[in-house]
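Residue numbers (the UniProt record's numbering): 1 to 136.
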């Protein structure tokens, strides 16, 4: 995936309802589509155009691996917080034992969980695309 040319940072966000955010196979952060379990998940909200949304869908494996749907997100606009509908990617086909894993409020590849994201498992990751184009 090349850079998202239209992406504009809107603000920090937090899910209104709880969801299990786990670290899955290949150290991929996965937001599981399971209601009433997990934590409110922190993240960032961006506005993108239709072309970038198609690129994000491809990167996230929508609709075969992850499913994109709109959920309520509490978006922070400086001193003001507003609930907005935001597109979010959920894994819908998951092994039940994934729900036994530790749930996180956010994912940072270098956090104290000691499980960094493995970009080699995702050939569409921007760092892999940049590396391969630089070595050509």
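Every residue, glycine too, gets a C-beta built ideally from N, C-alpha and C.
Whose C-alpha, out of the options, is nearest the C-alpha of residue i?
i, options, result
"residue 96", "16, 53, 22, 6", "22"
"residue 59", "82, 28, 81, 44", "28"
"residue 71", "63, 7, 86, 79", "86"
"residue 52", "118, 83, 3, 34", "3"
"residue 73", "83, 64, 34, 30", "83"
"residue 65", "112, 25, 35, 50", "25"
Suppose the cutoff is 6 Å on Cβ atoms and the five residues either side in sequence are ignored; what does the same chain contact list for residue i look like?
i, result
"residue 42", "14, 105, 106"
"residue 79", "none"
"residue 101", "22"
Could you pull out every residue in the same chain whose Cβ sits closer than 7 Å to the Cβ of residue i, ignoring the five residues on either side in sequence?
i, result
"residue 9", "44, 46"
"residue 57", "68"
"residue 103", "20, 21, 22, 38, 39"
Ignore the nearest five residues each way along the sequence and tell me which others in residue i's own chain have a CB closer than 8 Å to its CB.
i, result
"residue 116", "27, 109, 110"
"residue 32", "19, 20, 21, 22, 38, 90, 91, 94, 98, 99"
"residue 12", "42, 43, 44, 45, 75, 76"
"residue 88", "15, 31, 68, 69, 70, 71, 73"
Is there a Cβ from chain B that is less than 9 Å from the Cβ of residue i?
i, result
"residue 96", "Considering every chain present, this structure includes no chain B. It has just one protein chain."
Is residue i helix, strand or coil when you go by DSSP?
i, result
"residue 118", "coil"
"residue 134", "With a pLDDT of 44 at residue 134, under the threshold of 50, the modelled position of this residue cannot be trusted; read the value that follows with caution. Residue 134 falls in the helix class under three-state DSSP."
Since residue i contacts residue j with CB under 8 Å, what's their CB separation in whole angstroms?
i, j, result
"residue 17", "residue 48", "Incorrect: roughly 23 Å between the Cβ atoms, too far for contact."
(message) In chain order, what are the residue ranges of uninterrupted alpha helix (DSSP H) at least 4 long that sit wholly in the UniProt domain "Gamma-glutamylcyclotransferase AIG2-like" (4-100)?
(response) 50-60
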